[in-house]
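Student: Sharing a structure, written as structure tokens. Questions coming.
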Amino acid sequence: MGMMAELSNDWTIYEAAHLLNRAGFGGTPSVIEDFHQMGRHGAVDWLLEAKEKTPVSPPAWTKEERGDRLAELRQDRAQFAGLSVKEREEMRRKLQRERQQEYRKQNRSLTGWWVNRMIQTDAPLVEKMALFWHDHFPSSSQKVRVPQFLYQQNALFRKEALGNFGRLTHAIAEDPAMMIYLDSSQSSKKKPNENFARELMELFTLGEGHYTEEDIKGAARAFTGYRVDRLTGKVSFQQRLWDEGDKTILGQTGPFKGQDVVKILLENPRCGHYLAEKIWEFFAYENPEPELLSRLGNGFFKVGYELKPLLRKIFLSEEFYSPRAMHSQIKSPLSFLAMMYRQLELGSVPEAVVFQVLQQLGQLPFLPPNVAGWDWGRAWVNTNTLLTRYHFAGLVTGAGGDPKMVMSGQMANNAKASAFLGRALQRGMTRPDFEKLAPREEREDIPKLVRNLGFRLFGAPLSEKDRVAFESYAKAKKGVVFTNTEVAELMHLMMSTPTYQLT
Numbered sequence: 098m099g100m101m102a103e104l105s106n107d108w109t110i111y112e113a114a115h116l117l118n119r120a121g122f123g124g125t126p127s128v129i130e131d132f133h134q135m136g137r138h139g140a141v142d143w144l145l146e147a148k149e150k151t152p153v154s155p156p157a158w159t160k161e162e163r164g165d166r167l168a169e170l171r172q173d174r175a176q177f178a179g180l181s182v183k184e185r186e187e188m189r190r191k192l193q194r195e196r197q198q199e200y201r202k203q204n205r206s207l208t209g210w211w212v213n214r215m216i217q218t219d220a221p222l223v224e225k226m227a228l229f230w231h232d233h234f235p236s237s238s239q240k241v242r243v244p245q246f247l248y249q250q251n252a253l254f255r256k257e258a259l260g261n262f263g264r265l266t267h268a269i270a271e272d273p274a275m276m277i278y279l280d281s282s283q284s285s286k287k288k289p290n291e292n293f294a295r296e297l298m299e300l301f302t303l304g305e306g307h308y309t310e311e312d313i314k315g316a317a318r319a320f321t322g323y324r325v326d327r328l329t330g331k332v333s334f335q336q337r338l339w340d341e342g343d344k345t346i347l348g349q350t351g352p353f354k355g356q357d358v359v360k361i362l363l364e365n366p367r368c369g370h371y372l373a374e375k376i377w378e379f380f381a382y383e384n385p386e387p388e389l390l391s392r393l394g395n396g397f398f399k400v401g402y403e404l405k406p407l408l409r410k411i412f413l414s415e416e417f418y419s420p421r422a423m424h425s426q427i428k429s430p431l432s433f434l435a436m437m438y439r440q441l442e443l444g445s446v447p448e449a450v451v452f453q454v455l456q457q458l459g460q461l462p463f464l465p466p467n468v469a470g471w472d473w474g475r476a477w478v479n480t481n482t483l484l485t486r487y488h489f490a491g492l493v494t495g496a497g498g499d500p501k502m503v504m505s506g507q508m509a510n511n512a513k514a515s516a517f518l519g520r521a522l523q524r525g526m527t528r529p530d531f532e533k534l535a536p537r538e539e540r541e542d543i544p545k546l547v548r549n550l551g552f553r554l555f556g557a558p559l560s561e562k563d564r565v566a567f568e569s570y571a572k573a574k575k576g577v578v579f580t581n582t583e584v585a586e587l588m589h590l591m592m593s594t595p596t597y598q599l600t
């Protein structure tokens, strides 16, 4: 078959697991089996058209009108009446501390809500693409400091998750969180700010080396005059602050405004190639062949940046199911957590646990490290983050926090895991139903038990080395009966391998 050849409807159950892992956050063996029964084409169609049936309810504060902040502000000001200058300063600091504490609390609840939505979603590709857009168009709570704006931006990513990249880029240019994060809300003709203009070209549309400094200066002038009301979230264009002079951007000259700049960038075929490469690497593998990128990029540009045709082409391509792609991607912390909870059928994870674990693993939603988003791939794992993954797997299964102790057949030491997750949080965690995950009749047949648990956790055939190690461990542990405790320890051993960190 040639490059980007479309595969037939027939496929293996391991290819079905691969697609569900990459285009979502995995699933149980029964979910994968149902997915496999759809056929390759039917499964891709389902992913592209699935709707959320019972979404996880967002935090109550997200439903509040931003106008309510006006009343809060008046109430704050009323407390200053009759106070001395010193007392006013103390009161101001007190109110500021309270507000910051409230914002931190809201950010944590927002993080917990989104992770649990990933775990429980009926439309996995929508949530996976919302994550992609959050990394592509990052905004940080550290600078934005208005959680409701971040929630609104997240809703925008979900709305256009499988929609149109051009429409999303036009919208993000006037998104309150992005305007605050990249300072376009402060840009005026007297002092144009180049931050958004630069990242729009370098990170969002064209990639480094496909524009000039003069293009950035012109674009910065075009984006002057836009303002965000932090109390209401309303975005306005103030003509008097806009630079009405001619600007030259990518060879075109005129009295452009911000949205004109976005239109010019989208008219450049390079934009299609840049986004197609980034989306391919997110779902498949890094550094694809130039011919593959050329086909994807040209196709994406020709369909006017509609995302569904691009994703369908990727998910039906021979390259997506090649050995280079399958089971070769290091799980991001978010995928690691969401996939684990889906595999073990645990429902939801406590908000405080989400925040603690993802903070330790290096990927907190709404808190990307910089405007380029997160570093992916090998950057996710080092000695510390791997140990944290192993410890957390032990806490989730109830086997303990130290995989080395489990592997040597000794009792696991919970104290080590407590270093990043306190006992109070551990007590609030749901344990797997081992009677369901490993039925009693399966426990009498160790090879079958290992094979079935292996499929649940890895979605791929076990290597001979892993199979022998897991079976040997299980046989050594098995007494008169194979207890739930021993099942937990076997699963912890499986989840404490380098193989489990891959998807």
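Offset between the sequence shown (1-based) and our numbering: plus 97. Glycine included, C-beta positions come from ideal geometry on N, C-alpha and C. Please read all numbers here as calculations on a predicted model, not as lab measurements.
Taking only the alpha-carbon atoms, compute the straight-line gap between T321 and E296 and give it to the nearest angstrom.
Tutor: Stepping through the sequence shown from its first residue, residue 321 is reached at position 224. Stepping through the sequence shown from its first residue, residue 296 is reached at position 199. Inter-residue distance for T321 and E296 is about 15 Å (C-alpha atoms, whole angstroms).
Student: Does the distance from the C-beta atom of R137 to that of L413 stay below 8 Å?
Tutor: Position 40 of the sequence shown holds residue 137. Position 316 of the sequence shown holds residue 413. Cβ atoms of R137 and L413: closer than 8 Å.
Student: Return the chain-ordered list of same chain residues with a C-beta closer than 7 Å to the C-beta of R409, the five sequence neighbours on each side being excluded.
Tutor: Mapped onto the sequence shown, residue 409 falls at position 312. The answer, listed in chain order, is V141 and L145.
Student: Taking only the alpha-carbon atoms, compute the straight-line gap between L587 and H488 and give it to the nearest angstrom.
Tutor: Taking the sequence shown and counting its residues from 1, one reaches residue 587 at position 490. Taking the sequence shown and counting its residues from 1, one reaches residue 488 at position 391. For L587 and H488, the distance between alpha carbons rounds to 14 Å.
Student: Within 10 Å of its beta-carbon, does A381 have 16 or more other beta-carbons around it, so buried, or fewer, so exposed?
Tutor: To locate residue 381, count along the sequence shown from 1; it is residue 284. Looking at its Cβ environment, which holds 16 or more other Cβ atoms inside 10 Å, A381 is buried.
Student: Is it buried or exposed for S419, if we count other Cβ within 10 angstroms and need 16 for buried?
Tutor: Here residue 419 corresponds to residue number 322 of the sequence shown, with the count starting at 1. Burial call: exposed.
Student: Could you pull the start and end residues of the beta strand (DSSP E) that R324 belongs to?
Tutor: The residue you call residue 324 lines up with position 227 of the sequence shown. Residues Y323 to V325.
Student: DSSP state of K344, grouped into three classes?
Tutor: Translated into the one-based positions of the sequence shown, residue 344 becomes position 247. Three-state DSSP puts K344 in a strand.
Student: In whole angstroms, what is the alpha-carbon distance linking N467 and E561?
Tutor: Residue numbering aside, residue 467 sits at position 370 when the sequence shown is read from its first letter. Residue numbering aside, residue 561 sits at position 464 when the sequence shown is read from its first letter. About 42 Å.
Student: For the beta strand (DSSP E) that S333 lies in, which residues bound it at each end?
Tutor: Here residue 333 is taken as the residue at index 236 of the sequence shown, counted from 1. S333 -> beta strand (DSSP E) spans V332 to F334.
Student: Using DSSP's beta-bridge definition, name the partner residues of K572.
Tutor: To locate residue 572, count along the sequence shown from 1; it is residue 475. In the DSSP output, where bridge partners are listed per residue, K572 has none listed.
Student: List in chain order: all unbroken alpha helix (DSSP H) runs of 4+ residues lying wholly within the region 189-252.
Tutor: 221-233 and 238-241
Student: Determine the burial state of T480: buried for a count of at least 16 other Cβ atoms within 10 Å of its Cβ, exposed for fewer.
Tutor: Mapped onto the sequence shown, residue 480 falls at position 383. Its Cβ having fewer than 16 others within 10 Å, T480 is exposed.
Student: State the DSSP-derived secondary structure class of K288, mapped to helix, strand or coil.
Tutor: Sequence index remark: in the sequence shown, residue 288 carries index 191 (1-based). K288 falls in the strand class under three-state DSSP.
Student: Name the one or two DSSP bridge partners that I411 has.
Tutor: Here residue 411 is taken as the residue at index 314 of the sequence shown, counted from 1. DSSP, once it has assigned bridges, lists no residue as partnering I411.
Student: Measuring straight from C-alpha to C-alpha, what distance separates N510 and E416?
Tutor: Working through the sequence shown from its first residue, we reach residue 510 at position 413. Working through the sequence shown from its first residue, we reach residue 416 at position 319. With a pLDDT of 40 at N510, under the threshold of 50, the modelled position of that residue is not reliable, and the figure given next carries that caveat. Roughly 44 Å separates the two Cα atoms.
Student: Helix, strand or coil: how does DSSP classify Q349 here?
Tutor: Along the sequence shown, read from residue 1 onward, the residue named residue 349 stands at position 252. The answer is strand: DSSP assigns Q349 an E or B state.
Student: My guess is that F246 and P273 are in contact by the Cβ rule of under 8 Å, so how many angstroms apart are they, rounded?
Tutor: On the sequence shown, residue 246 is found 149 positions in, with the first residue counted as 1. On the sequence shown, residue 273 is found 176 positions in, with the first residue counted as 1. Yes, they are in contact, since the Cβ atoms of F246 and P273 sit about 4 Å apart, within 8 Å.
Student: By the DSSP assignment, the alpha helix (DSSP H) with A147 in it spans what residues?
Tutor: Residue numbering aside, residue 147 sits at position 50 when the sequence shown is read from its first letter. Premise fails: A147 is in no alpha helix (DSSP H) and is neither H nor E.
Student: Rounded to the nearest angstrom, what separates D107 and H115 at their Cα positions?
Tutor: Here residue 107 refers to the residue found at position 10 when the sequence shown is read from its first residue. Here residue 115 refers to the residue found at position 18 when the sequence shown is read from its first residue. For D107 and H115, the distance between alpha carbons rounds to 14 Å.
Student: Apart from the five residues just before and just after E442, which ones in its own chain have a Cβ nearer than 8 Å to its Cβ?
Tutor: On the sequence shown, position 345 is the one that residue 442 refers to. Once the five neighbours on either side are set aside, the close Cβ partners of E442 are T125, P529, D530, K533 and L534.
Student: Kindly identify the DSSP beta-bridge partner or partners of I427.
Tutor: Indexing the sequence shown from 1 puts residue 427 at position 330. According to DSSP, which records beta bridges pairwise, I427 is partnered with L599.
Student: Decide if D499 is buried, meaning its Cβ has at least 16 other Cβ atoms within 10 Å, or exposed.
Tutor: Here residue 499 is taken as the residue at index 402 of the sequence shown, counted from 1. At D499, the pLDDT of 47 sits below 50, so the modelled position is not reliable and the matter cannot be decided from this model.
Student: Taking its Cβ as the centre, do 16 or more other Cβ atoms sit within 10 Å of N213, making it buried, or is it exposed?
Tutor: Within the sequence shown, residue 213 is the residue found at index 116, counting from 1. With 16 or more other Cβ atoms within 10 Å, it is buried.
Student: Give the C-beta separation of R264 and V223 to the nearest angstrom, bearing in mind that I take them to be a contact with Cβ-Cβ under 8 Å.
Tutor: Looking up residue 264 in the sequence shown gives position 167. Looking up residue 223 in the sequence shown gives position 126. In fact, because the Cβ distance is near 16 Å, the residues do not count as touching under 8 Å.
Student: Can you give the Cα-Cα distance for A268 and I361, rounded to whole angstroms?
Tutor: Counting from 1 along the sequence shown, the entry for residue 268 is found at position 171. Counting from 1 along the sequence shown, the entry for residue 361 is found at position 264. If you take the alpha carbons of A268 and I361, they lie about 15 Å apart.
Student: Taking the alpha-carbon positions, what's the V128 to L117 distance?
Tutor: Sequence index remark: in the sequence shown, residue 128 carries index 31 (1-based). Sequence index remark: in the sequence shown, residue 117 carries index 20 (1-based). Near 9 Å, if we compare the C-alpha coordinates of L117 and V128.
Student: Find out if the Cβ-Cβ distance for the pair Y600, R119 is shorter than 8 Å.
Tutor: Taking the sequence shown and counting its residues from 1, one reaches residue 600 at position 503. Taking the sequence shown and counting its residues from 1, one reaches residue 119 at position 22. According to the sequence as given, residue 600 is Thr; it is not Tyr. A contact, by the Cβ cut-off of 8 Å.
Student: Only counting the same chain, and skipping five residues up and downstream in sequence, which positions put a Cβ closer than 7 Å to that of F262?
Tutor: Here the question's residue 262 lines up with position 165 in the sequence shown. Closer than 7 Å at Cβ, skipping near neighbours: L372, Y402 and L404.
Student: Sorted by chain position, which residues of the same chain lie with C-beta nearer than 6 Å to A270's C-beta, five sequence neighbours on each side aside?
Tutor: Translated into the one-based positions of the sequence shown, residue 270 becomes position 173. Within the same chain, A270 has close Cβ partners G355 and V359.
Student: Taking DSSP as the reference, what is the three-state secondary structure of E403?
Tutor: The count along the sequence shown starts at 1 and reaches residue 403 at position 306. In the structure shown, E403 adopts extended strand secondary structure according to DSSP, grouped into three states.
Student: How is I110 classed by DSSP in three states: helix, strand or coil?
Tutor: As a first step, residue 110 is located in the sequence shown; it is residue number 13 there, counting from the start. Three-state DSSP puts I110 in a helix.
Student: Identify whether E448 lies in helix, strand or coil by the three-state DSSP scheme.
Tutor: Here residue 448 refers to the residue found at position 351 when the sequence shown is read from its first residue. In the displayed model, E448 falls within a helix according to three-state DSSP.
Student: When burial is assigned at 16 or more other CB atoms within 10 Å of the CB, is R337 buried or exposed?
Tutor: Residue 337 sits at position 240 when you count from the first residue of the sequence shown. When all chains shown are included, R337 counts as exposed.
Student: Apart from the five residues on each side of it in sequence, which residues of its chain come closer than 7 Å, Cβ to Cβ, to S154?
Tutor: Here residue 154 is taken as the residue at index 57 of the sequence shown, counted from 1. Result list for S154: empty, nothing under 7 Å.
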